[in-house]
Amino acid sequence: MDRTTTVTSGLRTPIIFLMVLVPGILSQAAPSNPTISSPTVNTIEEGTVTFTCETEGGSPTPTVKWYKDNTLVDDTSFTDSSSGVSIHKNIYSANIQFSDKNVVFKCEVENSATSSPLTVTKSFSDIYVEPSSPVLQGDSAVQAGVSESWACYTNRSYPIPTITWNLDSQAFSQGISTSVSQNSDATYFVTSILTFTPVSGDNNKVLMCEIEHSQTLSSSIQRTITLQITGGVSKPAMTIQQTSYSATSGSQVTLQCTASGATSFSWLFNGTNVANNPSLVSFGSLPSPSLTILSMSSGNIGSYVCRGTNSGGTSDSPAISLSLISLPTVTVSQTSYNIVQGNTVTLACTVSGATNIFWQKIAFNGQTTTLTIDNSNYGGSSVGAPSLVIYNIDSNDQATYVCNGQNTAGTTTGNQITLIVSSGAPILSTVQTSYSVSTGTTVTLSCSYSSSTSVSSVYWQVTKGGTTTAISTSSSRFSGATVSAPSLQISSTQTSDSGSYRCFAVNTLATGAGNPITLTVSGGNTPNLTVGAATYSVPIGGSATLGCTITSSPAATSIFWSKVTNGASSTISTAGNSRYSGGTLSSPSLVITSLQSSDAGSYRCNAVNSVGTGQSSLTSLIATYAPQNTVVSPSSLTRDEGQTISATCTSDASPNPTFAWVKVSTNQQYGTSNTLTISSIDRGHDGDYRCTATNSQGSDTATMTVNVRYRPVSTVTSAQASVVLSSGQSQTLQCNTVSNPSVSSYSWTKDGVSLTSATSQNYIVTISASSDYGTYSCYATNAVGQSNAIPFAVSSGTTGTTSGPATGASTADTGLTSGTIAAIILAILFILLILLLVICCCCMKGVCGKKEKKKRKIEPTVIREEPKEIIRTIEIPRYVEKPFVYREPAYREPAYREPVYRETYREPSAVSRQDVVIAEENFDILKYQTVPPSGTSIDDSLEHNHRRSFRAPANLPALEYTVEATTTADDEERRRRRRSKKRRRRHREEGEGEEREHRSTSRRRHRRKRHEEVEGEPIITNGDVYYRNYSNNADTSEQYYYN
């Protein structure tokens, strides 16, 4: 309705007269409806919150006040004219607690031009409470194989937090029980109990309780215990029948517990021992040490633990939570509401200790009805949000309302709330509640209103996916939404325009809202984009092309690339950046040159058409480079023998590198992860260790120095530890050791008794009395510890070399008695007599003075290739005593000839040597191989090929050979007789003295020389000599001589 008032011409003159006389009356103006600029959310965390209320204009200056549940809390307002317009504000700070949930904070604005205050309200449907500092209960010292329990609890939070358990980052999935109880202020007391059986391998592992609360905590809260696993006597086994109990106020409750193997017990309440107060509690006896609370009250609410003790240690039962069952408390902050028809109102109610909330409506005729929450007419009325929300109020909603809280103890009814519904807000009407159009068309969402007072503004809101936003008509596609044309027109519709629209009209009394209008836009699709690859790996400094293919109907109108970092997307501009190109309709792929490490990340190709914006899947760009900045932490370690060393190797690389640990001095590999751990180290682990980080681009190294300390270790030899001294002699005992660090002190004992004056490495023993003999032990000590006893056994006797008398010792002590001297002289004379007798006997038998025949080495014979006789040249290196060579005339018997045969002799070989083949015209040694000396004669079956059986010299390996020959039995018999005769002659010569030996030697030399002139060079094998017969005998039979 137009605010201009039409008057008759007859009244125009008096009115003008009054305007001249009373100009101040017409200068008054009401301020605009107040708005709350902060906070804008409906859920908030406990703490300080700043409320800002603003209004524009008004004359005289309006007052801006804040009320909390109709109680004035702040009336300090001020005017801000910095923007050229007078903005009147009141900024109120309040410490919001959980109990302020659904409390109404109201801002009132008024001046003399307003008939009643202009109001706007703010309330919070939920207030979050950060979990209180958690408590972890349970033993750190436990026994392997014994089931244990640990409890972790937080006594105040909202909503319920999540509690998890880990053992050295290994999450538990079993053995966890969680109990939740509600505190008197409706926050939660949460207890989590972990029960598991540790093993010896769990020693020194960290047991962690972790609490997460996404509403208030950016990171989790952790509590830890380091487990110390021991053996021996098992600790008591503590068991409970149930993990939670509930009792009403004043009642008696008994917490059951069984303690197997315990010798004593106690109860803990929230970590503190429960005192034995007969007027409050009573205790059971072992093995069932129950706890009975005689009169339940709020002070007994909490966590209880039964603890048992024996010689093996202390064990705790799982935690038992005890809660108080009491009637809910219901608090109503406001008992009357006056709401304009068509608005939404929240009837505030706070309930604690209830498991069920319900509201009742009492009509003015006395009829009582329990309301059904359908989120269309009514909302709220839940344990988390007990207040009642009434939507789109009409005259039928005018009644009395009652809030009720219910639990197992009963029902509590709150104070009655009276709701008065008044008319005044604009009433909005819609032609239809749904529209369906195609993309690219124009649609008008119809809206009209009626109001008893002037409408100052009209606006529209749209809800998509649960989010409601105001529509701005400044966009070229949206028009209308004015006082004169309240309908909303949308041109060039898109599928993204689909949603629920609502029209609002504002007058001086209130704001009216129309029914929701559903708009559905269909037809056409957003562009479809496909990236070339899911991942691109490009070295730093190279060029990367991120491929993108577009399919769009209707056609795409623009394209752009975005980079996604930590979930946030930022558009990449190719203009003005020489390293970026592409990203256009004609060339949609993105090209990045001179790649930098900062370019790595996730990219997305985007295209826009008239339907909307299409997006590709993410493609990852990995900037690869060789490992660099490789660091070992710590860079040096000093540990004692038996301890554990641990170091971590880090390296900056892309892709992620692999790691290898090598000890520098031995090149021995110790690990292939980035962490090096060596348990029970010893002296051999001392030195430098190199960590090598490697990826496809290269490698980088870093080193760590390990210094292993160990206590002194003896280096005294057994010879040094055994000392023989005679009376008066002295000997210095040296306590020799190796150690790291060096020895700091020495101590000595004799036969287990400490020598307090001996504190150096050396100790001089002087035999002045028999008591000086015994076992002397030294002990070397350094910073690590003391060596084992290093004993020196000092005994009586005469040594090969004796030291002179010790300083201060009498020389008379070292003299011999006359009887001892006489005995020594007689013994020497007796030995000389025996020697003379031996010499005489030797001379009589002619043995003494005979010179041993000296052996001499013969250079190995090298067989050179000769025409028609030797096919291959071989060299047989051998050093032997050159034997006597006997040459026997070749024997031929034309009348009889035995067939040619081959005999082979072979002994097992222990020395590998390459086979050699010798082929000759008249004599063939076809193959030989070195074998261990057998010490036995060659088999008799071969004697027809040899002059005698032979034994291989001990200093030469045996020889395998193959011979082809033509002989007869008579030839062999003659050779056997000659060998026998030859042995007898040699025996005689050995017994006839040196002259005969000399003559025999001369004859042998003569024979050998003559034989060599005939036969040529010998072949020496295994200490025997073979001669070839080079006579031009037409017979092809073999001439083979052997000595």
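In our numbering, the protein residues as written are 18 to 1060. For every residue, glycine included, the Cβ atom is placed at its ideal position computed from N, Cα and C.
Looking from the CA of T331, the closest CA among F282, N287, S338 belongs to F282. Taking 3 residues as the minimum length, the beta strand (DSSP E) runs contained wholly in the segment 760–794 are 762–767, 770–772, 779–783, in order along the chain.
It is roughly 11 Å from the alpha-carbon of S590 to the alpha-carbon of K580. Taking 7 Å as the cut-off, the Cβ atoms of C666 and V681 do not count as close. Per DSSP, the continuous beta strand (DSSP E) segment holding A276 begins and ends at 274–277. Fully enclosed beta strand (DSSP E) runs of no fewer than 3 residues occupy 585–589, 597–599, 607–609, 618–625, 630–632 of the segment 582–639, in order along the chain.
Distances from the CA of V216 to each of G192, T247, Q187, A806 were compared; the closest alpha carbon is that of T247. Taking the C-beta atoms as reference points, V475 is found no nearer than 7 Å to S463.
CA-to-CA, the gap between R726 and S794 works out to about 24 Å.
In this structure, DSSP gives A487 an extended state, which the three-state scheme calls strand. By the Cβ neighbour-count rule, N724 is exposed, with fewer than 16 other Cβ atoms within 10 Å of its own. Apart from sequence neighbours up to five positions away, the residues of its chain that approach R494 with a beta-carbon distance below 7 Å are I507, S508, S509, ordered along the chain. Taking C-beta atoms as the reference points, I534 and Y553 fail to come closer than 7 Å. Fully enclosed beta strand (DSSP E) runs of no fewer than 3 residues occupy 715–731 of the segment 709–735, in order along the chain. Around the C-beta of I210, 16 or more other C-beta atoms lie within 10 Å, and the residue is accordingly described as buried. Excluding the 5 residues flanking it on each side, G278 has same chain C-beta neighbours closer than 7 Å at S251, P253, A254, N327, in chain order. R596 is classed as exposed because its beta carbon has fewer than 16 other beta carbons within 10 Å across all chains shown. Between L224 and I238, the CB-CB gap reaches or exceeds 7 Å. Taken in chain order, the segment 72–142 contains no complete alpha helix (DSSP H) segment of 4 residues or longer.
Setting aside the 5 residues that flank it on each side, S739 is surrounded in the same chain by A810, each with a C-beta closer than 7 Å to its C-beta; the list follows chain order. Restricting attention to T214, A643, A442, the CA atom closest to the CA of G531 is found in A442.
Assignment of Q449 by DSSP, reduced to helix, strand and coil, places it in the coil class. Rounded to whole angstroms, the gap between the alpha carbons of W376 and N392 is 14 Å. In this structure E227 is not in contact with T195, their Cβ atoms being roughly 13 Å apart against a cut-off of 8 Å.
Bounds of any beta strand (DSSP E) do not take in Y175, whose DSSP letter is neither H nor E.
Annotation for S283: the continuous beta strand (DSSP E) segment containing it runs 281–286. Within the model, the alpha-carbon separation for S94 versus T80 is close to 7 Å. For the 7 Å CB-CB criterion, N799 and S761 form a contact. The criterion of a C-beta distance shorter than 7 Å is not satisfied by A736 and L693.
Burial is judged here by how many other beta carbons sit within 10 angstroms of a residue's own beta carbon; P644 has at least 16 and is buried. Following the DSSP letters along the chain, one finds I698 in no beta strand (DSSP E), marked with neither H nor E.
Around the C-beta of V102, fewer than 16 other C-beta atoms lie within 10 Å, and the residue is accordingly described as exposed.
Shown here for T352: same chain residues with a beta carbon closer than 8 Å to its own, the five before and five after excluded, namely N432, Q433, I434, T435 in chain order. Looking at the backbone, the Cα of S133 and that of T385 are separated by about 34 Å.
Non-local C-beta neighbours of T732 in its own chain, meaning closer than 7 Å and more than five positions away in sequence, comprise N753, T754, V755, ordered along the chain. The beta carbon of P178 sits closer than 7 Å to the beta carbons of P148, T171, V207, I228, E229, H230 from its chain, once the five residues preceding and following it are set aside; these are given in chain order.
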